[in-house]
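One structure below.
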Amino acid sequence: MTQPAGRIARREFVRELIALCPGVLVVTGLGSPTWDVFAAGDRPENFYLWGAMGGAAAIGLGLAIAQPRRSVLVVTGDGEQLMGLGVLATIGAQQPPNLTIAVLDNGHYGETGMQRSHTSLGTNLAAVARGCGIADALEIREPQEVAGLAQRVNAREACVFADIRVVADDLPKALPARDGVYLKNRFREALGLAPH
37 MTQPAGRIAR REFVRELIAL CPGVLVVTGL GSPTWDVFAA GDRPENFYLW GAMGGAAAIG
97 LGLAIAQPRR SVLVVTGDGE QLMGLGVLAT IGAQQPPNLT IAVLDNGHYG ETGMQRSHTS
157 LGTNLAAVAR GCGIADALEI REPQEVAGLA QRVNAREACV FADIRVVADD LPKALPARDG
217 VYLKNRFREA LGLAPH
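Following the numbering used here, the numbering of the sequence shown begins with 37 at its first residue and continues without gaps.
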C-alpha cells in the first residue's frame, strides 16, 4: 500500500506557519526541517537540532511542560518521527495543550539518500498519534490548511499532531549556526533564562 505524493511545498508552508505564529517557540528536527525553519527567518526562539535523530518531539514535550504559557512547535520529518514513535505515547499521556508536532512527511529518509520511509509504505503517522492518545491529530494535504494549523498552535487549547504531506524535493540548504552552546544559550536568553 502506497500513499500519494505530497502537494505541499514544504519551505513555503513552514515560512507561512511561523509567520502566522509570531510568538511560538520552535524546535526543529535535523535536516530539512532545520533548513526550512532557518530559511523562514532566524530568530532566538528557534532551537535547531543538528543531531539527536528521533529526539525533536521529546525536546518539544519537555519545553512545553517547562513553558506552559508559550506555544511550542516541533517541526520535524517523517524519518525522524518514525525513529521516535515512543515519545508520542508519552505526549499522549501528558497532553500539554501548548504543544504542536508538525511532521513534514515526504515519505523518504532525506538525510540518508532518499530511501522510502514507512510513511510511503502505508504507515499513517496521524493514526499512530491518535492511537497514542493525541486526539487532535490531523492529516494536512493542501497548502491552504496552514491557517487552521496556525490557529491551533496559537490557541494552546489541545495537544496537536499534524502530518503534512510535502513534495519530496531537494531544496538548497539554508544552514543556521552549528555551535550547540551558542544555540542553547541564545534560546535560554530568549526564554529569560541566564546562559548556562
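All residues carry an ideal CB built from backbone N, CA and C; glycine is no exception. All values derive from a computational prediction rather than experimental measurement.
Burial state of residue i (16 or more Cβ within 10 Å)
i: Thr38; result: For Thr38, the pLDDT reaches just 49, beneath the cut-off of 50, and the residue's location in the model is therefore unreliable, although a value from the coordinates is still provided. Thr38 should be labelled exposed.
i: Tyr84; result: buried
i: Arg201; result: buried
i: Ala162; result: buried
i: Gln180; result: exposed
i: Arg105; result: exposed
i: Asp205; result: exposed
i: Arg116; result: The sequence shown places Glu at residue 116, not Arg. Classification for Glu116: buried.
i: Asp215; result: exposed
i: Gly184; result: exposed
i: Thr64; result: buried
i: Ala171; result: exposed
Where the beta strand (DSSP E) containing residue i begins and where it ends
i: Gly113; result: 108 to 113
i: Asp141; result: 135 to 141
Presumed contact (8 Å Cβ cut-off) between residue i and residue j, rounded CB distance
i: Gln130; j: Ile101; result: 7 Å
i: Leu56; j: Val182; result: 7 Å
i: Thr112; j: Val73; result: With 8 Å as the limit, Thr112 and Val73 do not qualify as a contact, their Cβ atoms being about 10 Å apart.
i: Asp199; j: Glu175; result: 5 Å
Element boundaries [alpha helix (DSSP H), containing residue i]
i: Arg201; result: Taken as a continuous stretch (DSSP letters only), Arg201 belongs to no alpha helix (DSSP H), being part of the beta strand (DSSP E) at 196 to 201.
i: Val217; result: 216 to 226
i: Thr70; result: 68 to 75
i: Gly167; result: 161 to 167
i: Ile24; result: Lying before the first or after the last residue shown, residue 24 is absent from the chain, which here runs from 37 to 232.
i: Ile95; result: 92 to 102
i: Leu157; result: Neither: Leu157 is in no alpha helix (DSSP H) and is coded neither H nor E.
i: Gln131; result: Careful: Gln131 lies outside any alpha helix (DSSP H) and carries neither H nor E.
Residues sharing a beta bridge with residue i, DSSP
i: Asn82; result: Val62
i: Leu121; result: The partner list for Leu121 (beta bridge, DSSP) is empty, contrary to what the question assumes.
i: Ile176; result: Ile200
Near the ligand FMN: residue i beta-carbon under 7 Å from a heavy atom
i: Leu56; result: With respect to the ligand FMN, the structure offers nothing, as it holds no ligand at all.
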